[in-house]
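For the record, in the sequence shown the residue sitting at position 260 is 261 according to our numbering, with numbers rising by one throughout. Backbone N, C-alpha and C define an ideal beta-carbon position, used for all residues, glycine too. One structure is given below, encoded as structure tokens.
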Amino acid sequence: MVGQTLRTQVCIIGGGPAGMFLSHVLAASGIDSIVVERQTKAHVLGRIRAGVLEHGTVALLREYGLAERMDREGMVKKGTRIVWHEKDDHFIDTVRWTGKPMMNWGQTQITEDLYAARERDGGVVICEAENVRLHDIAGAPSVTFDLAPGPHTVSCDFIVGCDGFHGPSRGYVPSDLQRNYERVYPFGWLGIMVERPPLPDITYAYHPDGFALASRRNERLSRYYIQVPVTDRVEDWSDDRFWDALMQKFPEPMAAKIETGPSVEKSIAPLRSFVSEPMAWGKLFLAGDAAHIVPPTGAKGLNLAFSDTFYLSRALIAHYGEGDDHYLDTYSDTALRRVWAVESLSWRLTRLLHAFPNEDPFDQQLRQAEYDLLLRSEDVQRALAYEYVGLPFEA
Ligand code: RFL
Ligand code: PHB
Numbered sequence: 002m003v004g005q006t007l008r009t010q011v012c013i014i015g016g017g018p019a020g021m022f023l024s025h026v027l028a029a030s031g032i033d034s035i036v037v038e039r040q041t042k043a044h045v046l047g048r049i050r051a052g053v054l055e056h057g058t059v060a061l062l063r064e065y066g067l068a069e070r071m072d073r074e075g076m077v078k079k080g081t082r083i084v085w086h087e088k089d090d091h092f093i094d095t096v097r098w099t100g101k102p103m104m105n106w107g108q109t110q111i112t113e114d115l116y117a118a119r120e121r122d123g124g125v126v127i128c129e130a131e132n133v134r135l136h137d138i139a140g141a142p143s144v145t146f147d148l149a150p151g152p153h154t155v156s157c158d159f160i161v162g163c164d165g166f167h168g169p170s171r172g173y174v175p176s177d178l179q180r181n182y183e184r185v186y187p188f189g190w191l192g193i194m195v196e197r198p199p200l201p202d203i204t205y206a207y208h209p210d211g212f213a214l215a216s217r218r219n220e221r222l223s224r225y226y227i228q229v230p231v232t233d234r235v236e237d238w239s240d241d242r243f244w245d246a247l248m249q250k251f252p253e254p255m256a257a258k259i260e261t262g263p264s265v266e267k268s269i270a271p272l273r274s275f276v277s278e279p280m281a282w283g284k285l286f287l288a289g290d291a292a293h294i295v296p297p298t299g300a301k302g303l304n305l306a307f308s309d310t311f312y313l314s315r316a317l318i319a320h321y322g323e324g325d326d327h328y329l330d331t332y333s334d335t336a337l338r339r340v341w342a343v344e345s346l347s348w349r350l351t352r353l354l355h356a357f358p359n360e361d362p363f364d365q366q367l368r369q370a371e372y373d374l375l376l377r378s379e380d381v382q383r384a385l386a387y388e389y390v391g392l393p394f395e396a
């Protein structure tokens with residue numbers, strides 16, 4: 002294996018959901034890829050993240066034969082509830098306003114199914130690759146990495162960076178062409194998983210002391226989050242402290258229905274909005290968190306990773322199948338239109354539902370006014386449901 006050189010059509014950096022889904026979809030069209038992942042498979046599959054799938058993401062999983070377990074064990078949902086301190090609830094009713102349901106199903110399970118599908122189909126996924134580097138992106142691209150006992154090279158037609166926010170790929174877009182837009186929030190989400198039945202609806206709670214969220218993975222597994230200062234550490238939060246803080250954010254009758262128990266996972270995620278443009282340069286394309294991050298309010302990050310990979314797989318299939326590069330040439334612009342629309346929704350929902358440390362009474366009045374209008378106006382309700390269920394893919 003020392004000094005081994007491999008050849009493929011598309012070298013995908015990062016074996017998260019974006020990279021694995023792209024590899025799976027390309028294989029279905031006879032396009033060869035190699036996935037290069039820094040972590041062990043067990044590490045990748047041990048991450049607990051997203052849980053809410055847009056209608057379009059569910060359709061993609063079904064179309065590519067990845068939905069059997071989701072359709073058996075996932076929970077179809079008609080929308081998401083908002084509860085608000087001393088105000089009425091609102092249900093973002095995606096079925097009523099758009100005719101489309103959403104799905105509660107974990108990113109962890111999707112990624113497990115993707116690894117199983119690539120193994121079954123003989124896909125090449127190289128884990129524990131260290132020191133991944135990209136070369137000659139404008140000419141004859143290749144990727145090098147270290148994997149015991151020596152260095153490896155993958156030569157390819159295209160490189161796709163699906164290596165998440167901290168991965169190296171984005172750094173290869175020339176800095177004079179790259180524009181980064183960022184907003185960092187002064188709080189994070191402390192999340193726990195608990196083996197107890199969930200509340201009937203996914204529920205966002207606004208309270209002047211902060212945001213909380215009740216979600217779920219299946220009939221027996223619940224996921225809860227609370228807003229915490231970005232400086233807090235997991236060790237600061239015993240289970241008892243977490244439950245006390247959570248309960249205080251929900252109206253009493255709802256809090257009484259939350260079944261508490263020992264956490265089986267507990268972690269803090271910082272909140273960030275980030276977009277890097279362009280999403281393509283030379284033979285390098287970026288997809289998913291490698292190019293953009295949304296705060297989790299709205300549950301859009303994984304769904305954006307899927308829409309990027311849909312646009313990019315369509316482009317690569319047209320390139321190899323018909324010699325047509327129209328979609329490759331327009332990938333960055335097409336993907337970014339959807340990314341910015343979703344950044345906007347995620348930012349608006351984050352602003353609406355969180356308590357910001359430095360806000361003044363004017364900010365608070367604006368927030369109340371925005372929520373009051375949502376309660377009163379069916380037009381506003383329909384607009385929110387349209388964005389929340391997932392924007393349609395462009396032709
Ligand atoms: P990932 O999942 O970060 O995968 C990137 C992969 O690249 C690998 N990598 C490298 N590989 C090779 N060489 C290197 N040098 C590398 N550096 C990194 C990493 O090991 C990893 O395996 O990115 P991807 O595939 O773009 O997927 C994006 C999603 O993971 C992310 O957007 C979502 O999890 C965001 N998110 C949610 N999205 C939703 O759509 N719905 C939700 O309900 C939702 N909830 C969430 C979330 C994210 C959260 N956190 C923890 C940030 C809830 C939370 C709490
Ligand atoms: C989750 O179930 O993990 C979840 C649900 C809704 C969000 C974010 C995360 O907005």
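Asked	Found
Over the uninterrupted beta strand (DSSP E) stretch that includes K398, give me the two end residues.	Since the first residue shown for the chain is 2 and the last is 396, residue 398 is missing from the structure and cannot be characterised.
Given the structure, does W306 come close to the ligand PHB, in the sense that its CB is under 7 Å from one of the ligand's heavy atoms?	This sequence places Ala at residue 306; Trp is not what is there. No - the ligand PHB has no heavy atom lying nearer than 7 Å to the Cβ of A306.
In chain order, what are the residue ranges of uninterrupted beta strand (DSSP E) at least 3 long that sit wholly in the stretch 139-214?	143-148, 151-156, 159-162, 180-195, 204-208
DSSP on P230, reduced to helix/strand/coil?	strand
Are A19 and D334 touching if we call contact CB-CB under 8 Å?	no
With respect to 7 Å, is the separation between the Cβ of P190 and the closest non-hydrogen atom of the ligand RFL below this value?	The sequence as given places Trp at residue 190; Pro does not occur at that position. Because some heavy atom of the ligand RFL lies under 7 Å away, the Cβ of W190 counts as near it: yes.
Give the secondary structure of R50 by DSSP, where H, G and I count as helix, E and B as strand, and everything else as coil.	coil
If you follow the beta strand (DSSP E) that A270 is part of, which residue opens it and which one closes it?	264-278
Give me, in chain order, the residues of the same chain whose beta-carbon lies closer than 8 Å to that of Q382; leave out the 5 immediate sequence neighbours on both sides.	H91, I93, D94, W98, L375
Would you kindly report the start and end of the unbroken beta strand (DSSP E) that includes R82?	80-85
From the DSSP output, which residues share a beta bridge with I13?	V36, V161
Using beta-carbon positions only, say whether E344 and V295 come within less than 8 Å of one another.	yes
Is it buried or exposed for K258, if we count other Cβ within 10 angstroms and need 16 for buried?	exposed
Please determine whether the Cβ atom of E360 lies at a distance below 7 Å from any heavy atom of the ligand RFL.	no
Tell me which residues share the same chain as A281 and place their Cβ nearer than 8 Å to its Cβ, disregarding the 5 neighbours each side in the sequence.	L287, L329, Y332, S333
Give me the pocket residues for the ligand PHB, defined as CB within less than 5 Å of any heavy atom, sorted by chain position.	G52, V53, S216, R224, P297, A300
Is the beta carbon of S268 closer than 8 Å to that of V235?	yes
Suppose you measure from the CA of R121 to the CA of A28; what does that come to, to the nearest Å?	12 Å
Do you know how far the Cα of V59 is from the Cα of V26?	14 Å
Just to confirm, are L337 and E395 a CB contact at a threshold of 8 Å?	no
Looking at the secondary structure, which residues open and close the alpha helix (DSSP H) in which L62 lies?	56-64
So, at 8 Å on beta carbons, what are the nonlocal neighbours of G165 in its own chain, with the 5 sequence-adjacent residues on each side left out?	G15, G17, G289, D290, A291
Can you name, in chain order, every residue of its own chain whose Cβ lies under 6 Å from the Cβ of I227, other than the five neighbours on each side?	L191, A213, A246, L247
With H, G and I counted as helix, E and B as strand and the rest as coil, what does DSSP make of V26?	helix
Based on Cα-Cα distance, which residue from R8, V390, A386 lies nearest to V144?	R8
Apart from the five residues just before and just after D326, which ones in its own chain have a Cβ nearer than 6 Å to its Cβ?	H320
Pop quiz: V161 and V53 are said to be a contact at Cβ under 8 Å. What is the actual Cβ separation, rounded to whole angstroms?	That belief does not hold up - the Cβ atoms of V161 and V53 are roughly 25 Å apart, past 8 Å.
Only counting the same chain, and skipping five residues up and downstream in sequence, which positions put a Cβ closer than 6 Å to that of E183?	F275
Spell out the partners DSSP gives N359 in its beta bridges.	In DSSP, N359 forms no bridge with anything.
Contact check, R70 vs D114 under 8 Å by CB: the rounded distance?	6 Å
Between which two residues does the alpha helix (DSSP H) carrying T109 extend?	108-121
How many Å lie between L67 and W238 at the Cα?	37 Å
Relative to the alpha-carbon of L303, which residue among P201, M21, G4, D364 has its alpha-carbon at the smallest distance?	M21
Assuming the contact rule is C-beta atoms closer than 8 Å, M76 and R221 should be a hit. Round their C-beta distance to whole Å, please.	No, M76 and R221 are not in contact; Cβ-Cβ is about 11 Å, not under 8 Å.
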